[in-house]
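Residues 585 to 1059 in this note's numbering are what the sequence shown spells out, letter by letter.
From the three backbone atoms N, C-alpha and C, an ideal C-beta is built for every residue, glycine too.
Note that the coordinates shown come from a computational prediction; the quantities given were computed from them, not determined experimentally.
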Amino acid sequence: MLFNSFTFAVFFPIVFIFYWKLPHRGQNYFLLAASYLFYGFWDWRFLSLIFISTLVDYITGIKIDNANQQKTDKNKKIWLIISLCTNLGILAYFKYFNFFIDSFSEIINSAGFDSSGWQLHIILPVGISFYTFQTMSYTIDIYRNKMKANHHFFDFALYVSFFPQLVAGPIERAKVLIPRILNKRTFNKNQFIDGIHLIFWGLWKKVFVADNLSPIVDRIFSMSTPSGFDVLVGAYAFAIQIYCDFSGYSDIARGCAKCLGFELMLNFRHPYVALNPSDFWLRWHISLSSWLRDYLYISLGGNKKGNIRTYINLITTMLLGGLWHGASWIFVVWGAYQGILLIGHRLFNPIFKATENISNLFPHSIRRFVKIFVMFQLVCGGWIIFRAESISQIKDMIYAIFTWRGVSDFSVLPSLLLFIGPLLIIEGLQVVLDCDEVYDNTKVPVWIKSIAYSMFFYLLVYHGASAQSFIYFQF
585 MLFNSFTFAV
595 FFPIVFIFYW
605 KLPHRGQNYF
615 LLAASYLFYG
625 FWDWRFLSLI
635 FISTLVDYIT
645 GIKIDNANQQ
655 KTDKNKKIWL
665 IISLCTNLGI
675 LAYFKYFNFF
685 IDSFSEIINS
695 AGFDSSGWQL
705 HIILPVGISF
715 YTFQTMSYTI
725 DIYRNKMKAN
735 HHFFDFALYV
745 SFFPQLVAGP
755 IERAKVLIPR
765 ILNKRTFNKN
775 QFIDGIHLIF
785 WGLWKKVFVA
795 DNLSPIVDRI
805 FSMSTPSGFD
815 VLVGAYAFAI
825 QIYCDFSGYS
835 DIARGCAKCL
845 GFELMLNFRH
855 PYVALNPSDF
865 WLRWHISLSS
875 WLRDYLYISL
885 GGNKKGNIRT
895 YINLITTMLL
905 GGLWHGASWI
915 FVVWGAYQGI
925 LLIGHRLFNP
935 IFKATENISN
945 LFPHSIRRFV
955 KIFVMFQLVC
965 GGWIIFRAES
975 ISQIKDMIYA
985 IFTWRGVSDF
995 SVLPSLLLFI
1005 GPLLIIEGLQ
1015 VVLDCDEVYD
1025 NTKVPVWIKS
1035 IAYSMFFYLL
1045 VYHGASAQSF
1055 IYFQF
């Protein structure tokens, strides 16, 4: 069920009305049933995977918690391994089985053997990367003694399958979301209004900006020999498309949750004004980057074991983070690229500090603009890798940029200005006012807000593209 579909436009108001008429326990049962119905719209058979993951982590969580109380490390390690193997096993089979088989088949074929027929036709369940990471954080936090196990199965099942963030995040931590499920919720008018703001803003970013940019991006990335100008347009357009597509989903998810009395974490904080690679990952897909930091990077040793080990930990984390996005060598290369940027920033940081006396000769605003501009170019270089169909296409597009081959076609610029211009104005205003939430612009007069919302509503209704799936559903 897509957020930007007629089905969801009917589904959510019905859920909202009945939900607030029920007592607390009834709300949780009802939300669990609604969440399973929401997910079952794609393929009801994959509900079994959610149920297996839920059941295993519910049991292992209790066993680990009991071991903590009895102070028996051996038993709790066994139960943690069972939890991790179950979740990672499901993820590996459905998402990575054919990837590894294809890679192995190429080696077999190059040796002169026939590997035809090895591949299975495995369908990727929607959202599997998100809810498996969410359930793993639960058992790991219990193992680390950062929280107690939940003993009410249906409440825990709701944590795993809560429909606003089930298929594309944010990836919520159990120690934050489970207490909100267990505690009584009451309708709050201001929270509801904030939620409606987020839903509208998310739909606008998705339907008007992202989906209208999609044909432009698809056309450029399907060219056999794009010009250097085409590649730049494609990279910039895709940067805005993927941001509005994914952050739009997060906004709608957070808005729906607010309407139901839940607060979900902020997943994007103006990532394209990042000053450096580390700053970017504090702003982009925050729920995933913080998950990788807390459960992978720190577990590997973080930056506590010397520079060389830190660099190894960074590149390992980003390689696995890239592979999380999809079963393809493209995403491995993208992860390596992001790791190199992070390592490069650490390596050159002493040089940057040594030249501060020179850079301080320029106004702070100019220095900040230069940093943002350079970082945005590096991010867009990564988006070329991320969006490319093959390694050879990545090489060809990079070659096109540096040789500036072909003729520049400026006819696409008016369309880009129409679809991107209003977004830049709003995002720019939020950055200037230091405001993370679109509904927090208290310094803007009401009459200006009214005009802006009327304009955005007009663009959404009369110039919005037809409903398309969200990009991150494939991950």
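A direct Cα-Cα distance of roughly 10 angstroms separates Phe738 from Ala617. With fewer than 16 other beta carbons inside 10 angstroms of its own, Ser1050 counts as exposed. For Thr716, the enclosing alpha helix (DSSP H) starts and ends at 712 to 727. Comparing alpha carbon positions, the residue from Tyr743, Ala752, Leu1044, Ser667 closest to Pro709 is Ala752.
Remark: three or more beta-carbon pairs, one from each stretch, lie closer than 8 angstroms, so the stretch 828 to 843 and the stretch 785 to 797 are flagged as touching. Comparing alpha carbon positions, the residue from Asn774, Pro861, Trp913, Tyr620 closest to Arg930 is Pro861.
The beta carbons of Ile712 and Leu633 sit closer together than 8 angstroms. According to the DSSP assignment, Arg803 belongs to the alpha helix (DSSP H) that extends over 795 to 805. Between Ile899 and Gly673, the alpha-carbon positions lie close to 23 angstroms from each other. Boundaries of the alpha helix (DSSP H) around Arg971: 948 to 971. Apart from the 5 residues on each side of it in sequence, Ile975 sits with its Cβ closer than 8 angstroms to the Cβ of Trp913, Ile914, Val917 in its chain, given in chain order. If you look at Asp657, you'll find it in the alpha helix (DSSP H) that goes 657 to 675. In the three-state reduction of the DSSP assignment, Val594 falls in the helix class. Gly919 and Gly906 do touch by the CB rule: their CB atoms are close to 2 angstroms apart, below 8 angstroms. Taking the CA atoms as reference points, Thr723 sits about 47 angstroms from Tyr983. Here Gln977 has Phe805 as same chain residues with Cβ atoms under 8 angstroms from its own Cβ, once five neighbours each way along the sequence are excluded. When the five nearest sequence neighbours on each side are left out, the beta carbons in the same chain lying within less than 6 angstroms of the beta carbon of Thr894 are those of Asn887, in order along the chain.
Burial check for Lys660: the Cβ neighbour count within 10 Å reaches 16 or more, so the residue is buried. By the Cβ criterion, the stretch 1027 to 1047 is not in contact with the stretch 835 to 849, since fewer than three pairs of Cβ atoms, one from each stretch, lie closer than 8 angstroms. Looking at the backbone, the Cα of Leu1007 and that of Met959 are separated by about 20 angstroms. For Gly786, the CB contacts under 6 angstroms within the same chain, skipping 5 residues up- and downstream, are Gly832, Asp835, Ile836 in chain order. Annotated as distal: Met731 and Lys768, with beta-carbon spacing of 8 angstroms or more. Of all C-beta pairs linking the stretch 587 to 607 to the stretch 847 to 858, fewer than three are shorter than 8 angstroms, placing the two stretches out of contact. If you draw a straight line from the Cα of Arg989 to the Cα of Glu1021, it comes to about 42 angstroms.
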